[in-house]
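Residue numbers (full-length UniProt numbering): 1 to 244. Glycine included, every Cβ here is placed at the ideal spot set by N, Cα and C. Nothing here was measured: the structure is a model prediction, and the numbers come from that model.
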Ligand code: NAD
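Here it is as structure tokens:
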């Protein structure tokens with residue numbers, strides 16, 4: 001893998017695992033975070049300890065100027081050849097009939113508008129670099145619908161899947177692959193926003209493999225999709241869900 005990879009939401013969870021998995025393979029990264037600068041600094045320092053430069057940039061993916069700033073910072077480490085469109089949010093459990101409009105708008109703003117803005121910026125940089133790969137982080141929720149929990153979140157991830165299908169065809173001739181991963185139940189801090197203590201423990205009983213996944217297990221799939229080993233894979237999304 002040559003060039004710099006931009007990872008959105010790299011301060012914790014799946015994004016942090018991707019940054020460190022790339023660093024271990026000698027890949028420079030520039031990652032965004034929304035809050036918790038200390039956590040972001042620890043990830044960047046750990047990547048450096050692994051031998052690869054890494055820059056943490058406070059940036060909201062739903063803000064156009066922040067996205068441009070993130071990619072400009074990345075270029076300081078060399079040409080950008082990859083994007084992991086990972087930043088995402090969930091919300092407390094709610095039936096559709098009770099949904100608040102501001103919550104729906106914020107979910108779509110971060111998960112969909114943010115993914116589009118980053119993909120758009122990435123296409124410009126990857127074209128300039130002569131090609132590269134975009135990996136969109138979706139969710140099994142896109143397929144399962146998440147009734148009674150967050151259908152709005154599930155719909156936002158279905159939009160991410162469609163971005164993968166459509167954009168892949170638009171840019172294939174430019175040497176750019178666009179792929180996705182659909183994590184199932186992964187043990188990260190994102191579940192705290194569901195408002196249900198013990199959510200992970202309850203749901204992992206529904207996973208055929210009998211456990212929730214680890215962020216590292218998603219990161220390994222992302223690294224493979226970014227690599228030349230996946231050179232003929234584009235326009236598709238891989239489930240990383242223990243069979244769920
Ligand atoms: P997390 O909450 O642990 O981390 C999210 C990261 O995104 C953080 O670094 C946060 O700072 C960043 N972020 C949030 N809003 C942002 C914004 N507006 N701009 C920039 N950065 C922002 O979450 P996670 O579990 O690691 O999830 C990562 C991705 O995987 C998300 O897109 C999520 O929807 C998806 N996913 C997670 C699971 C799971 O079970 N954990 C399952 C399916 C999909």
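task: Let me know the secondary structure DSSP gives residue 213 once reduced to three states.
output: For the purposes of this step, residue 213 is taken as the residue at position 213 of the chain shown. If DSSP states are grouped into helix, strand and coil, residue 213 belongs with the strands.
message: Closest to residue 59 by C-alpha separation, out of 227, 68 and 52, would be which residue?
response: Along the chain shown, read from residue 1 onward, the residue named residue 59 stands at position 59. Here the closest residue by C-alpha is 68.
message: Looking at ligand 1, does it come within less than 8 Å of residue 162, judged from the CB to the closest heavy atom?
response: Sequence index remark: in the chain shown, residue 162 carries index 162 (1-based). Result no, Cβ not under 8 Å from ligand 1.
- prompt: At what residues does the beta strand (DSSP E) containing residue 29 begin and finish?
  reply: Counted from its first residue, the chain shown places residue 29 at position 29. That run of the beta strand (DSSP E) goes 29 to 33.
query: Using CA coordinates, which residue listed in 157, 74, 21 and 165 is at the minimum distance from residue 88?
result: Taking the first residue of the chain shown as 1, we reach residue 88 at position 88. When each option's Cα is compared against that of residue 88, the closest is 157.
query: When the Cβ atoms of the segment 49 to 57 are set against those of the segment 94 to 114, are three or more pairs found closer than 8 Å?
result: no
message: Quick check: residue 13 and residue 189, are their CB atoms within less than 9 Å of each other?
response: Counting from one through the chain shown, the residue named residue 13 turns up at place 13. Counting from one through the chain shown, the residue named residue 189 turns up at place 189. A contact, by the Cβ cut-off of 9 Å.
task: Can you give me the Cβ contacts of residue 222 inside the same chain, cut-off strictly under 7 Å, excluding the 5 residues immediately before and after it?
output: Here residue 222 refers to the residue found at position 222 of the chain shown. If we look at residue 222 and ignore the five residues flanking it on each side, its Cβ neighbours are 18, 84, 135 and 181.
- prompt: Does the beta carbon of residue 150 fall short of 8 Å from some heavy atom of ligand 1?
  reply: Along the chain shown, read from residue 1 onward, the residue named residue 150 stands at position 150. Checking the Cβ of residue 150 against ligand 1 gives no.
field: Chain-order list of residues whose beta-carbon lies under 7 Å from that of residue 146 (same chain, five-residue window excluded)
entry: Taking the first residue of the chain shown as 1, we reach residue 146 at position 146. Hits under 7 Å: 153 and 154.
- request: Note down the Cα distance separating residue 148 from residue 141, rounded to an integer number of angstroms.
  value: The residue you call residue 148 lines up with position 148 of the chain shown. The residue you call residue 141 lines up with position 141 of the chain shown. Rounded to the nearest angstrom, the two C-alpha atoms are 12 Å apart.
task: Return the chain-ordered list of same chain residues with a C-beta closer than 7 Å to the C-beta of residue 115, the five sequence neighbours on each side being excluded.
output: Within the chain shown, residue 115 is the residue found at index 115, counting from 1. Result list for residue 115: 85, 136, 160 and 163, in chain order.
query: Between residue 23 and residue 47, which are expected to be in contact by the criterion C-beta below 8 Å, what is the C-beta distance as a whole number of angstroms?
result: In the chain shown, the residue the question calls residue 23 occupies position 23. In the chain shown, the residue the question calls residue 47 occupies position 47. That belief holds up - the Cβ atoms of residue 23 and residue 47 are roughly 4 Å apart, short of 8 Å.
message: Let me make sure I understand the geometry here. Which of 235, 187, 113 and 193 has the alpha-carbon closest to that of residue 173?
response: Against the chain shown, residue 173 aligns to sequence position 173. Minimum Cα distance to residue 173 is reached at 235.
- prompt: In the DSSP assignment, what are the bridge partners of residue 177?
  reply: Taking the first residue of the chain shown as position 1, residue 177 is located at position 177. Per DSSP, 133.
- prompt: Taking 8 Å as the cut-off, is the CB of residue 195 close to at least one heavy atom of ligand 1?
  reply: One-based indexing of the chain shown puts residue 195 at position 195. Because no heavy atom of ligand 1 lies under 8 Å away, the Cβ of residue 195 does not count as near it: no.
query: What does DSSP give as the partner residues of residue 85 in its beta bridges?
result: By one-based count along the chain shown, residue 85 stands at place 85. Partner(s): 136.
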